[in-house]
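So for the sequence shown, this note's numbering puts the first residue at 196; every next one is plus one.
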Amino acid sequence: MQLGTNGEFVSKVLRKFYEERRRKFEINVAAACIKIRHYEQGLEASNLVLEKPSDDNQYKKAIYRAGVCYRGLGDFENASKTFRKLLNESDLDGLVRRDILRQLKGIVVQEQKRNKEMARDMMSGKGDNLIEPEKKQDSPEDLRISEEIEERRHA
196 MQLGTNGEFV SKVLRKFYEE RRRKFEINVA AACIKIRHYE QGLEASNLVL EKPSDDNQYK
256 KAIYRAGVCY RGLGDFENAS KTFRKLLNES DLDGLVRRDI LRQLKGIVVQ EQKRNKEMAR
316 DMMSGKGDNL IEPEKKQDSP EDLRISEEIE ERRHA
């Protein structure tokens, strides 16, 4: 009976080791996909890690890389939600927090650029079949983030 117990123990240890290695592998795959701008595949790799929530750094990296992938795909709403989720983590160091704020600021700039292009296309007749997007008011949190970014720039 003890042999079976040891075998089960070894099996659990190996399974845990495999899962940890798999998570690290998927995080690296996501990073590589981001570098070559294959955002859909990067998002898939990140989501494999995010399926099993944990408190480790791999999970936080997966959240960040998913946000980068959403941004790369032009899904600014999900990118913003993802980065804000990560900002709520209490143990982020200053460099990581600053990079997340930089990503959020970049999202705002990209949305403004997209809206200008749509407006220009509509005025030139190219966008006759486009529905005019609703103007989005900056939320208090967006304003706070923008102010924090500006403060850090001047610090």
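Where a beta carbon is used, it is the ideal one built from N, C-alpha and C, also for glycine.
Check                                                                                                                                                                                            : Outcome
For the stretch 277-284 against the stretch 304-313, are there 3 or more C-beta pairs whose distance is under 8 Å?                                                                               : no
Can you check whether the CB of residue 266 is closer than 8 Å to the CB of residue 222?                                                                                                         : no
Apart from the five residues on each side of it in sequence, which residues of its chain come closer than 7 Å, Cβ to Cβ, to residue 237?                                                         : 225, 228, 229, 260 and 264
Which of the three DSSP states is assigned to residue 276 in this structure?                                                                                                                     : helix
Pull up the CB-CB distance for residue 253 and residue 218, whole angstroms please, since I reckon it's below 8 Å.                                                                               : 5 Å
Could you give the first and the last residue of the continuous alpha helix (DSSP H) run that contains residue 239?                                                                              : 234-245
Take the Cβ of residue 234 as the centre, count every other Cβ of all protein chains shown within 10 Å, and call the residue buried at 16 or more, exposed below.                                : buried
Identify, in the order they occur along the chain, each residue of the same chain with its Cβ nearer than 8 Å to the Cβ of residue 245, setting aside the five sequence neighbours on each side. : 254, 257, 258 and 261
Taking the CB atoms as reference points, tell me whether residue 275 and residue 296 lie closer together than 8 Å.                                                                               : no
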